[in-house]
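Chains as they are written, first to last, in our numbering: chain A, 358 to 574; chain B, 794 to 919; chain C, 16 to 319.
Even glycine gets a Cβ: it sits at the ideal position worked out from N, Cα and C.
A short worksheet on the structure shown next.
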Amino acid sequence: MFRAILRVQYRESRLAILVLAGIALAIPLVAFRGLDLRSDPWDAFQLLSASGKWSAAYPLLALGLGLVLAGGAWAADHRSRHVYALTLPVARWRYLLLRYIAGGILLLGVGALVYAGGAMALSRLTLPPLLHGYPGGLAIRFCLAGLSAYTLLFALNGITQRAARFLVAGLLLLVVLAALADLLSLDWHPLGRFMDAVLGPYSPLAIFRARWMLIDV
Amino acid sequence: MFEHLNPALPTPLYAQLAERLRAAIAANDLAPGDALPSVRQLAGRLRLNPGTVVQAYRDLERAGLVELRQGSGTYVRELAGERRAAEQAAVSGRLANEMLERAVGLGLSGDDLLNALRSALRGERP
Amino acid sequence: MIDGMQVLDAIQARGLSYRVEGFALSNFNLTVPGGAVYGFLGPNGAGKTTTIRLLLGLLRPEGGSIKVLGRAVPTDVVRVLRRVGYVPERPHLYLELTVAESIRFHSAFHERYDRAGSDKLVSRFGLPPDRRLSQLSKGELGKLMILQALAQRPDLLVLDEPTDGLDPVVRRDALATILEYVSDTGATVLISSHLVHELERFCDWVGVLDQGSMIAELPMHEFKSGLKRLRVSAGAATADAPFSVLAREAAGVGSEVWTVRGWEPAMSSWFGASHPLKEVVDLDLEEAFVELLRSSRAPVREVA
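What follows is the structure, given as structure tokens:
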């Protein structure tokens with residue numbers, strides 16, 4: 358049963374997954390190309406700078422992948438109005454769990470490619486002293502960020518129409534209150550507080566703000 | 794042989810089917826030893842409830858015209874000459890009754906029907 | 016019904032109530048005997064699809080109980096769905112998959128799935144295995160849904176307007192395959208349709224739904240034999256008739272035609288010599304269905 362769902366889910370977003378995976382593999386290879394490395398102290402600066410330049414790509418990639426996989430997990434069922442899934446002899450919660458895990462596995466697969474790409478690029482370079490490569494760390498961060506985004510988007514994709522309406526209404530209310538507070542010059546910033554909570558240090562999405570350097574000190 | 798089974802007629806479908814088969818057996822279109830189509834095949838081909846086919850076959854078995862061999866199928870039995878003639882007579886008799894009933898329903902008399910039948914036999918068209 | 020053996024009802028709905036905009040079921044009962052080929056009839060919009068959805072646990076009833084193959088729905092619905100093959104009105108399969116992929120997916124969820132039989136049907140129906148479902152014609156998609164439902168080897172087949180919109184050749188093919196399966200396995204079939212004449216040949220039970228209630232549920236031969244048109248001489252009284260008169264119309268000089276329900280041949284003796292019974296005319300299933308609907312919606316109509 359699980360393999361069937363995995364197969365179907367991969368098929369659904371096959372193209373997007375392959376494109377994102379290709380990019381994940383290519384970034385480290387492209388990042389350090391064309392650097393004029395002469396084994397002098399200037400190398401360290403070049404490597405750090407190149408790493409930093411490309412570091413922003415990874416969280417975006419993770420977010421994109423989370424989006425694609427969450428969409429892919431639900432697309433077929435939304436299209437068929439869930440009739441097929443509801444008439445298969447498997448409990449609803451179990452079916453959803455299998456779908457979720459299938460997407461998670463695909464995500465981890467791309468994470469493995471992030472590691473592979475990083476490791477490959479590093480194998481071609483000689484790092485000066487004081488600098489280290491973190492292909493594993495990068496891949497782990499990628500997987501965690503991807504999983505957080507995927508989990509959140511998977512849940513959002515699965516809520517009923519009624520619940521969706523509540524959510525949107527709640528958000529709009531928040532925006533309206535923030536505008537009012539601003540207008541009346543109140544010392545209250547609900548929108549800021551909300552954003553801090555979502556991306557703040559205690560939120561799983563905080564990982565998107567971490568350092569994404571393949572080569573670092 | 795099996796065309797025009799008509800569910801709209803008052804005669805139940807199994808009886809219509811059985812009648813066709815009896816006529817075929819009497820006319821030797823289905824010879825002794827021939828196998829009748831399986832219930833599955835006939836039900837599918839004619840889009841009938843399998844129970845209908847089973848009932849028709851049972852009717853024929855009760856009339857001594859076929860035998861149901863377990864696991865093998867339904868086969869036409871040997872018919873003695875007089876038996877065959879009697880069957881044909883019975884088929885004709887039932888056909889005649891049907892025609893007579895319909896004629897009466899249309900307000901015609903037995904004689905009307907008889908005259909019409911005679912002209913038809915002579916090849917005269919209405 | 017196997018002689019002498021008590022057969023479990025395949026479907027038993029009691030006191031069902033459900034309300035949605037434009038449609039309401041109240042105190043609704045339905046019984047499908049085991050092994051029956053049950054024709055679920057009703058005009059368009061009568062609520063057949065909604066009822067079927069309730070029976071399969073796709074919708075939750077507001078009241079009443081449902082038992083399918085001996086188990087409660089929706090409580091035990093997963094166990095039930097293992098043994099039920101469902102062909103809905105609108106295509107429900109994942110359209111992005113190819114024919115082969117769809118079959119593979121379906122078989123992964125059904126233990127008893129018959130791969131060999133499924134492959135045979137694929138070639139018999141002429142379905143190209145590598146074509147996407149979204150590119151199949153309506154008839155081909157319909158055949159695939161029936162194929163998958165049958166290959167599951169279900170004990171109960173639920174078909175919601177399975178032949179609607181299909182051309183006659185495809186219809187015959189589909190029905191033939193379904194009836195072969197029923198012959199092989201003795202499975203129960205619930206088939207809903209507004210194409211009444213098509214069901215006439217093979218249904219042995221009939222349930223008629225109109226405006227949210229079941230107006231008749233009985234064996235097919237009783238349904239058809241009980242409804243008749245009687246040609247009688249004009250002026251006969253209907254007051255204490257042993258049958259119920261649904262309608263009466265004048266028909267030529269000195270004659271009337273009555274549409275009656277609950278007729279038995281012995282009742283011809285009720286007609287005395289003064290107002291003789293001239294003829295008993297059979298109604299085919301379509302006519303019987305129409306008369307039943309008319310009479311349940313309006314009181315006896317008299318046409319002078």
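Quiz item: Tell me which same chain residues have a C-beta within less than 6 Å of the C-beta of M570 (chain A), skipping the five on either side of it?
Solution: S408, S412
Exercise. Kindly indicate which three-state DSSP category N821 (chain B) falls into: helix, strand or coil?
Key: coil
Quiz item: What residues are listed by DSSP as bridge partners for A87 (chain C)?
Solution: C:K82
Quiz item: Going along the chain, which residues of its own chain have a beta-carbon closer than 7 Å to the beta-carbon of G250 (chain C), five neighbours each way excluded?
Solution: H290
Exercise. Hey, could you find the ends of the alpha helix (DSSP H) F55 (chain C) is sitting in?
Key: First-last for F55 (chain C): 52 to 56, but that is the beta strand (DSSP E), not the alpha helix (DSSP H).
Quiz item: With respect to the alpha helix (DSSP H) encompassing F124 (chain C), which residues constitute its N-terminal and C-terminal limits?
Solution: 114 to 124
Quiz item: Between which two residues does the beta strand (DSSP E) carrying A28 (chain C) extend?
Solution: 26 to 35
Self-check item: Validate contact between the segment 532 to 545 of chain A and the segment 502 to 522 of chain A using beta carbons, cut 8 Å, 3 pairs
Solution: no
Quiz item: List, in order along the chain, the chain C residues whose C-beta lies closer than 7 Å to that of M477 (chain A)?
Solution: Those within 7 Å of M477 (chain A) in chain C number zero; the least Cβ separation is about 34 Å.
Quiz item: For E176 (chain C), does the count of other Cβ atoms within 10 angstroms reach 16, so buried, or fall short, so exposed?
Solution: buried
Exercise. Give the DSSP bridge partners of L40 (chain C), in chain order.
Key: C:Y33
Practice problem: Take R838 (chain B) and list the residues in its own chain whose beta-carbon comes closer than 8 Å to its own, dropping the five residues that flank it on each side. | Solution: F795, P830
Quiz item: Where do the N-terminal and C-terminal ends of the beta strand (DSSP E) with R263 (chain C) fall, by residue?
Solution: 259 to 265
Self-check item: Which of helix, strand or coil DSSP assigns to V296 (chain C)
Solution: strand
Quiz item: Which chain A residues are close to V102 (chain C), counting only those with a beta carbon under 8 Å from its beta carbon?
Solution: Simply none; closest approach about 10 Å.
Quiz item: From H121 (chain C) to A25 (chain C), what distance separates their C-alpha atoms?
Solution: 23 Å
Practice problem: For C500 (chain A), I'd like the list of residues in its chain whose CB is within less than 7 Å of its CB, leaving aside the five on either flank, ordered along the chain. | Solution: L464, L465, G468
Quiz item: What number of angstroms, rounded off, separates the C-alpha of E875 (chain B) from the C-alpha of R139 (chain C)?
Solution: 46 Å
Exercise. Please name the residue in C:L298, C:V221, C:T203 whose C-alpha comes closest to that of A51 (chain C).
Key: C:T203
Practice problem: Please report how far the alpha carbon of L841 (chain B) lies from the alpha carbon of L377 (chain A), in whole angstroms. | Solution: 56 Å
Exercise. Take the Cβ of F359 (chain A) as the centre, count every other Cβ of all protein chains shown within 10 Å, and call the residue buried at 16 or more, exposed below.
Key: exposed
Exercise. Helix, strand or coil for G100 (chain C), going by three-state DSSP, please let me know.
Key: strand
Exercise. Since I believe D297 (chain C) is in contact with K243 (chain C) (beta carbons under 8 Å), could you give me their beta-carbon distance rounded to a whole number of angstroms?
Key: 7 Å
Quiz item: Can you tell which of C:L69, C:G37, C:V35 has its C-alpha closest to the C-alpha of N44 (chain C)?
Solution: C:L69
Quiz prompt | Top-ranked residue by Cα proximity to L40 (chain C), from C:G62, C:L205, C:G49 | solution = C:G62
Quiz prompt | Cβ contact (3+ pairs, closer than 8 Å) linking the segment 859 to 875 of chain B and the segment 815 to 825 of chain B | solution = yes
Self-check item: Chain-ordered neighbours of R97 (chain C) on chain A, where CB pairs are closer than 9 Å
Solution: P446
Self-check item: Between the CA atoms of L495 (chain A) and F402 (chain A) - distance to the nearest angstrom
Solution: 20 Å
Quiz item: Are the Cβ atoms of V260 (chain C) and F238 (chain C) separated by less than 8 Å?
Solution: no
Practice problem: Using a cut-off of 8 Å between C-beta atoms, extract the partners of P830 (chain B) located in chain C. | Solution: Correct list: empty, because the minimum Cβ distance to chain C is about 11 Å.
Quiz item: Straight-line CA distance for A191 (chain C) to L417 (chain A)?
Solution: 56 Å
Quiz item: Contact between the segment 89 to 100 of chain C and the segment 128 to 148 of chain C: three or more CB pairs below 8 Å?
Solution: no
Quiz item: If you draw a straight line from the alpha carbon of G54 (chain C) to that of E302 (chain C), how long is it in whole angstroms?
Solution: 16 Å
Practice problem: For V197 (chain C), decide whether its Cβ has a neighbour in chain B, counting only Cβ atoms nearer than 8 Å. | Solution: yes
Quiz item: Is P547 (chain A) helix, strand or coil when you go by DSSP?
Solution: helix
Quiz item: Under a CB-based cut-off of 8 Å, is V440 (chain A) close to chain C?
Solution: yes
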